[in-house]
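Quick note: the sequence shown uses our numbering, first residue 1158, plus one each step. Report on the following structure.
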Amino acid sequence: MAKTVTISIELPADLEARLRAEAEQHGISFEDEVVRRLAADEDERKSSRTFHSAGVGTSGHHDTARRARELLREELGEQ
């Protein structure tokens, strides 16, 4: 069983109302809805991580994909 931690947070009233409505729609408690949202946010962050050590997306150019054929021709010495 995973260890649980109890926290207290202050939410704006409109956010609390939206979370309570979502919890009711899902048939779960308000607390479980908050946990569900936090877990979903963590999953999203994990899936969108960039592996900077691989150098992905760090060419410094913003049009590389659009110019791929042109760049390949230049690199291969073709006209």
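Glycine included, every Cβ here is placed at the ideal spot set by N, Cα and C.
Buried or exposed: where does residue i fall if 16 or more other Cβ atoms within 10 Å of its Cβ makes it buried?
i, result
"Glu1227", "exposed"
"Val1191", "buried"
Determine the extent of the alpha helix (DSSP H) in which residue i is found, giving its start and end residues.
i, result
"Arg1224", "Segment: none, Arg1224 is in no alpha helix (DSSP H) and carries neither H nor E."
"Glu1181", "1170–1183"
For residue i and residue j, which I take to be in contact (beta-carbon distance under 8 Å), what is that distance rounded to the nearest angstrom?
i, j, result
"Arg1194", "Phe1187", "With a Cβ gap of about 11 Å, Arg1194 and Phe1187 do not count as contacting."
"Asp1171", "Ala1180", "Not really, about 15 Å apart at Cβ, beyond 8 Å."
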